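Just below is one structure, and these are the notes that go with it.
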Amino acid sequence: MTVYTPDSSAWITDIPIIIDGDKRKASVIQPMYQKSADRFAYLNRVYPKESINNQTGNPLTPTYNSSTPWAIEPNSYIDIPNCAVGDQIVGKVNATITSTNGTTLSYFIVGIDDVSGTPHSGRFSGCQNMSHGVYYSNNGFYIKLFGVWTVAHAGTTRVGFGVAESFSPGTHLDVYEVTVKTVLFSKL
Amino acid sequence: MPTNYAGVGITFPSTVTIIADGEDLSERVLAPGIRTLADMSAYLYRKLPLLYDYTNDITSGFIYTYAGAGADETTIAAGVKVDVPGCVIGDKISVFGYFSATRVIGGNPGIDMYMDAIDDALGTPGTRTHIPGAHFGDIGTTGASNTDQNSLVGTWTVAKAGTTRICYTFNTVGSTSQDTLVLDESVCIIAIRYPL
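These protein sequence lines map, in sequence, to chains A and B.
The opening position of the first sequence corresponds to residue 10 in this note's numbering, with each subsequent residue numbered one higher.
The opening position of the second sequence corresponds to residue 39 in this note's numbering, with each subsequent residue numbered one higher.
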């Protein structure tokens with residue numbers, strides 16, 4: 010038996026058709042089936058893939074205290090394996106937070122390429138929420154972010170909810186609910 | 039007799055003939071099955087949802103300021119748009135928008151922000167139309183520099199073939215003063231085309 014592993018790296022533009030008189034040998038018939046398998050493998054690879062992570066708690070991060078940029082809140086992320094350079098990820102984050110002290114905060118969707126290898130981190134484009142939210146009460150604040158990430162380093166890309174303190178490290182921040190949703194659009 | 043077959047990509051056969059044991063493996067028997075598989079994959083390829091996006095991050099200043107008065111409804115910032123090519127009638131375009139806006143001049147009522155669509159924008163443009171669901175009202179009614187963070191979602195159904203343009207507009211209906219709206223920090227338009 011011949012085992013065939015589909016080549017999902019490229020879209021096959023045509024499939025040969027055998028004609029009357031062809032020798033009915035594997036060398037004639039097999040390529041047709043291989044190319045058909047390649048097409049389906051390609052479609053399976055490039056079809057958009059959706060992931061979601063819903064977290065609720067009381068609170069999820071009781072003692073957030075950091076001024077490190079690009080940090081992702083605990084449990085507030087999705088790992089997307091097998092990303093290739095040029096793939097695009099649409100990210101959406103909803104979060105409910107409170108802060109009982111501190112000052113202005115900034116909120117982001119954070120991306121980390123090749124997180125399990127050599128990590129490269131940054132912010133999603135189009136959704137940064139800078140210099141907003143001076144909140145000293147427990148009334149809660151609802152964060153909503155949309156953005157886009159283009160994979161620059163192959164591997165597993167981590168997408169999550171990030172908070173940075175612009176002016177006052179030491180803010181106590183509670184994250185009560187967070188939803189991270191991603192859709193991976195593989196490079197055609 | 040063709041020697042290769044690229045798939046027409048129009049019809050999606052509901053059945054595929056399976057060759058039975060002992061059946062003659064002639065071209066007459068095999069070719070229809072191969073063509074059906076090609077048609078199916080071409081069809082699925084054509085139906086792939088595709089992503090188009092515009093993003094702009096800016097940490098200071100602004101990317102657009104509009105000054106007007108009265109019942110203005112204007113496409114803002116010519117470069118803040120997404121063009122979705124190859125649309126056909128009936129295609130669905132799912133849109134997502136995110137922006138920070140500050141109304142630095144103006145009083146009540148507030149400014150309404152919409153995401154709009156223009157079918158066949160590069161040919162004979164259709165009428166710019168609000169995308170159902172993608173509306174955010176009363177930005178900065180105080181006229182002070184209070185920045186609103188806004189997200190919009192909606193779905194557009196293509197009514198005219200060609201390139202469909204997705205953009206922002208705002209409406210100062212009811213205002214009698216000059217209005218200045220500043221988009222700052224971040225602006226984003228995401229359009230996902232779902233072919234018919």
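We put the CB at the ideal spot given by N, CA and C, even for glycine.
For clarity, every value in this text was computed on a predicted model and none was experimentally measured.
Excluding five sequence neighbours on each side, which residues of the same chain lie with their C-beta closer than 8 Å to the C-beta of residue i?
{"i": "B/N193", "result": "As written in the sequence, residue 193 of chain B is Thr, which differs from the Asn given in the question. The answer, listed in chain order, is K130, I131, S132, V133, I169, P170, G171."}
{"i": "A/H129", "result": "I121, D122, D123, A161, H162"}
{"i": "B/G128", "result": "T195, V196, L234"}
{"i": "B/I96", "result": "D222, E223, S224"}
{"i": "B/L82", "result": "none"}
Cutting at 6 Å between CB atoms, please list the residues of its own chain near residue i, excluding the five before and the five after it.
{"i": "B/L75", "result": "none"}
{"i": "B/L89", "result": "I230"}
{"i": "B/G304", "result": "Limits of chain B in this structure are 39 at one end and 234 at the other, which puts residue 304 of chain B out of reach."}
{"i": "B/K198", "result": "D157, D158, G164"}
{"i": "A/S60", "result": "I87, T191"}
{"i": "A/N62", "result": "I87, V189"}
{"i": "B/L160", "result": "T201"}
{"i": "B/H173", "result": "Y152"}
{"i": "B/P87", "result": "I230, Y232"}
Would you say residue i and residue j are within 8 Å of each other, going by their C-beta atoms?
{"i": "B/V196", "j": "B/N94", "result": "no"}
{"i": "B/D157", "j": "B/G200", "result": "yes"}
{"i": "A/A80", "j": "A/G156", "result": "no"}
{"i": "A/V168", "j": "A/G126", "result": "no"}
{"i": "A/I89", "j": "A/V102", "result": "no"}
{"i": "A/L154", "j": "A/P57", "result": "no"}
Measuring straight from C-alpha to C-alpha, what distance separates residue i and residue j?
{"i": "B/N188", "j": "A/F133", "result": "16 Å"}
{"i": "A/E82", "j": "A/A161", "result": "22 Å"}
{"i": "A/D96", "j": "A/D16", "result": "18 Å"}
{"i": "A/I21", "j": "A/R48", "result": "6 Å"}
{"i": "A/Y42", "j": "B/I72", "result": "8 Å"}
{"i": "A/C92", "j": "A/T65", "result": "28 Å"}
{"i": "A/S40", "j": "A/A46", "result": "Per the sequence presented here, residue 40 of chain A reads as Pro, with Ser not at that position. If you take the alpha carbons of A/P40 and A/A46, they lie about 10 Å apart."}
{"i": "A/Q137", "j": "A/W158", "result": "12 Å"}
{"i": "B/R84", "j": "A/R54", "result": "15 Å"}
{"i": "B/A80", "j": "B/Y232", "result": "15 Å"}
{"i": "B/C205", "j": "A/V94", "result": "28 Å"}
{"i": "B/D121", "j": "A/Y116", "result": "28 Å"}
{"i": "A/L52", "j": "B/I227", "result": "26 Å"}
{"i": "A/G135", "j": "B/S138", "result": "10 Å"}
{"i": "A/A104", "j": "B/V191", "result": "17 Å"}
{"i": "A/G131", "j": "A/L197", "result": "24 Å"}
Assuming residue i and residue j are in contact, meaning their beta carbons sit under 8 Å apart, how far apart are those beta carbons, in whole angstroms?
{"i": "B/V118", "j": "B/Y92", "result": "6 Å"}
{"i": "A/D123", "j": "A/T191", "result": "About 16 Å; that fails the 8 Å criterion."}
{"i": "A/V189", "j": "A/I87", "result": "5 Å"}
Can you give me the start and stop residues for the beta strand (DSSP E) that residue i sits inside?
{"i": "B/D91", "result": "88-95"}
{"i": "A/G156", "result": "150-159"}
{"i": "A/P90", "result": "81-92"}
{"i": "B/I204", "result": "200-209"}
{"i": "A/A132", "result": "As written in the sequence, residue 132 of chain A is Arg, which differs from the Ala given in the question. First-last of the beta strand (DSSP E) with A/R132: 129-132."}
{"i": "A/V187", "result": "182-194"}
{"i": "A/K58", "result": "58-65"}
{"i": "B/D150", "result": "149-156"}
{"i": "A/C136", "result": "Unbroken run through A/C136: none, as it is neither H nor E."}
{"i": "A/G95", "result": "Element bounds for A/G95: n/a, residue is neither H nor E."}
{"i": "B/V122", "result": "119-125"}
Quick one: what's got a C-beta closer than 7 Å to residue i's C-beta in the same chain, skipping five residues either side?
{"i": "B/T167", "result": "D154, A155"}
{"i": "A/I24", "result": "M41, K44, S45"}
Mind checking if residue i is an interface residue toward chain E, Cβ cutoff 8 Å exclusive?
{"i": "B/Y136", "result": "The question asks about chain E, but that chain is absent: this structure's protein chains are A and B."}
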